[in-house]
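Heads up, the thing below is written out as structure tokens.
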Amino acid sequence: MLSLEGVSKEYNLRPVLENVDLTLQLGLLYTLMAPNGSGKTTLLQIMAGLTRPTKGRVLWDGHPVRPQHRRCIGVLLQQPMLYADLTAGENLRFYAGLYGLSPVDRLVSDWLARVGLADSIDERVRNFSKGMRQRLALARCFLHDPKVLLLDEPFDGLDEQGRDILAHLLKGRVADGASVFLVTHRSEQLGLPAHRLTLRFGRVIAC
């Protein structure tokens, strides 16, 4: 269970997040609507342990988040965190190695098939369309079976088939007991009950 307690963040003395309290329960879907520049990326980075808050605490099961807890989190930000000069398969093999997963080749093939990229395993990412990169980035997020998914506009760049694939994967993760936190304007496509939140003036508010 991931939670924020009194989290605030400032950049150059300018407040971006103010006293955010938020708890993600396992097996639930959360959707956050937030305009550009509202601090949503900063919020996700703090939740993922990629940025430290100016004030407040990030906890896992009531204890400070440790590096090993980050292995339980899958995160998708605006930058897909892919290596353009590597192939799709090489990208996933790299991340599988970081997480100590095995059997690597089977996992890589399985996830590329799940996101509709089985035929592109040996193609370099620099030649991918935006939608293909998004699919590969999603495979990277799901690869290690995370308990918490933090996804920033995951439907962006996806065609109808890609959106259907993503919705199916998210439903599966929620059913398996994971916590899913989406920054999205397309929550209606999921067909799942969601805890709807908004980010206004640096604060997370229930809709």
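Each step along the sequence shown adds one to the number in full-length UniProt numbering, with nothing skipped, and position 175 is 175. Ideal placement from N, C-alpha and C gives every residue a C-beta, glycine not left out. Keep in mind the model is a prediction, meaning the values are calculated, not measured.
Relative to the C-alpha of residue i, which candidate in the options has its C-alpha closest?
| i | options | result |
| --- | --- | --- |
| S38 | G177, R163, R14, H168 | R14 |
| L2 | R66, L92, V16, F142 | R66 |
| G89 | V125, T184, Q79, C207 | V125 |
| S179 | L82, F142, H185 | F142 |
| R93 | H63, R140, P146 | R140 |
| G172 | D122, K147, L22 | K147 |
| G202 | N12, L50, L24, V20 | V20 |
So for residue i, helix, strand or coil by DSSP?
| i | result |
| --- | --- |
| Y11 | strand |
| Y83 | coil |
| V125 | helix |
| T42 | helix |
| N91 | helix |
| S102 | coil |
| H69 | helix |
| D176 | coil |
Using DSSP bridges, identify the partner residues of residue i.
| i | result |
| --- | --- |
| I165 | Looking at the DSSP assignment, I165 forms no beta bridge with any residue, so it has no partner. |
| G74 | L149 |
If we count the other Cβ atoms within 10 Å of its Cβ and call it buried at 16 or more, is residue i buried or exposed?
| i | result |
| --- | --- |
| I46 | buried |
| I205 | exposed |
| D152 | buried |
| P53 | buried |
| Y11 | exposed |
Could one say the Cβ of residue i lies closer than 8 Å to chain D's Cβ atoms, at least one of them?
| i | result |
| --- | --- |
| H195 | No chain D is part of this structure, which consists of one protein chain only. |
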